[in-house]
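Student:
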Ligand SMILES: [Zn+2]
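Numbering (the working numbering), first residue to last: 15 to 198.
Pasting the structure below:
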């Protein structure tokens, strides 16, 4: 499980012309069960920023975000200011990727997603990592960002070790669909 990180970043500033509805959405009134997985509040628009200039990295990260958003029914919007999710090209502790979630009252409120850029490292065989691996890692880490946990099924993108899987499996899609309906 991801380690908690520093206090959540602020929500984006509400437009001055908008009314109270523009305030950060409060979690729904439903009492959370202790068995609930970590998830974002229902219908909450998740904001993110990519903190790396590399255009190839940005392209893959954005496509992965689009997939997660569609499959989980969560609106996800890019913003330059005070995003809840920060996505970085970085090598975390010898892993291909790492996602740290911050939660408040059982809800995810922010995330730091770090994805190793393939050109910056070599795999165990000494060959250069490639975009397909980065695509895999991006889908895996953004799966954690939205609330997915590891799976023992090797066809799942959430299998803990990097493999050849290049998309969410049918089981992953069912999980993403469920996650989008948590707290609703
Ligand atoms: Zn993982």
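Every residue gets a Cβ at the ideal spot worked out from N, C-alpha and C, and that includes glycine.
It should be emphasised that the depicted structure is a prediction, and the values quoted were computed from it without experimental measurement.
Mind checking who residue 114 pairs with in its DSSP beta bridge?
Tutor: As a working note, residue 114 is residue 100 in the chain shown. According to the DSSP secondary-structure assignment, residue 114 is paired through a beta bridge with 126.
Student: Can you tell me whether residue 189 is buried or exposed? The criterion is at least 16 other CB atoms within 10 Å of its CB, across all chains shown.
Tutor: The residue you call residue 189 lines up with position 175 of the chain shown. Under this definition residue 189 is a buried residue.
Student: Considering only heavy atoms of ligand 1, does any lie closer than 7 Å to the CB of residue 55?
Tutor: Numbered from 1 along the chain shown, position 41 holds the residue referred to as residue 55. Checking every heavy atom of ligand 1 against the Cβ of residue 55, none is found closer than 7 Å.
Student: Quickly, what does DSSP pair residue 101 with across the bridge? List them, please.
Tutor: The residue labelled residue 101 in the question sits at position 87 within the chain shown. Answer is 64 and 127, bridged to residue 101.
Student: With a threshold of 7 Å (Cβ to nearest heavy atom), would residue 174 be considered close to ligand 1?
Tutor: If you number the chain shown from 1, residue 174 lands on position 160. With a cutoff of 7 Å, residue 174 counts as near ligand 1, since its C-beta is closer than that to a heavy atom of the ligand.
Student: Can you tell me the Cα-Cα spacing of residue 107 and residue 162, whole angstroms?
Tutor: Position 93 of the chain shown, counted from the start, is the residue given in the question as residue 107. Position 148 of the chain shown, counted from the start, is the residue given in the question as residue 162. Their backbone Cα atoms lie some 21 Å apart in a straight line.
Student: Going by DSSP in three states, residue 193 sits in which element: helix, strand or coil?
Tutor: Counting from one through the chain shown, the residue named residue 193 turns up at place 179. Annotated three-state conformation of residue 193 is helix, per DSSP.
Student: Measuring CB to CB, does residue 193 end up less than 8 Å from residue 160?
Tutor: To locate residue 193, count along the chain shown from 1; it is residue 179. To locate residue 160, count along the chain shown from 1; it is residue 146. Yes; because the gap between Cβ atoms is below 8 Å, this pair is in contact.
Student: Using the Cα positions of residue 121 and residue 55, report the straight-line distance between them to the nearest angstrom.
Tutor: For this step, residue 121 is matched to residue 107 along the chain shown. For this step, residue 55 is matched to residue 41 along the chain shown. In this structure, the alpha-carbon of residue 121 lies about 6 Å from that of residue 55.
Student: Buried or exposed, going by whether 16 or more other CB atoms sit within 10 Å of the CB of residue 184?
Tutor: Residue mapping note: residue 184 aligns to position 170 of the chain shown, counting from 1. Exposed.
Student: Exposed or buried, which one is residue 118 when buried takes at least 16 other CB atoms within 10 Å?
Tutor: For this step, residue 118 is matched to residue 104 along the chain shown. Answer is exposed; the Cβ neighbour count stays below 16.
Student: On the premise that residue 78 lies in contact with residue 126, defined as a C-beta separation below 8 Å, what is that separation, rounded to the nearest angstrom?
Tutor: Residue numbering aside, residue 126 sits at position 112 when the chain shown is read from its first letter. Residue numbering aside, residue 78 sits at position 64 when the chain shown is read from its first letter. About 16 Å separates the two Cβ atoms, so there is no contact after all.
Student: Taking residue 85 as the reference, give the member of 181, 197 and 198 with the closest Cα.
Tutor: Counted from its first residue, the chain shown places residue 85 at position 71. Considering only alpha carbons, the answer is 181.
Student: Where does residue 80 land, buried or exposed, given buried means 16+ other C-beta within 10 angstroms?
Tutor: The residue labelled residue 80 in the question sits at position 66 within the chain shown. The residue in question, residue 80, is exposed, as its Cβ has fewer than 16 Cβ neighbours within 10 Å.
Student: For residue 197, count the other beta carbons within 10 Å of its own beta carbon; 16 or more makes it buried, fewer makes it exposed. Which is it?
Tutor: Counting from one through the chain shown, the residue named residue 197 turns up at place 183. By the 10 Å Cβ count, residue 197 comes out buried.
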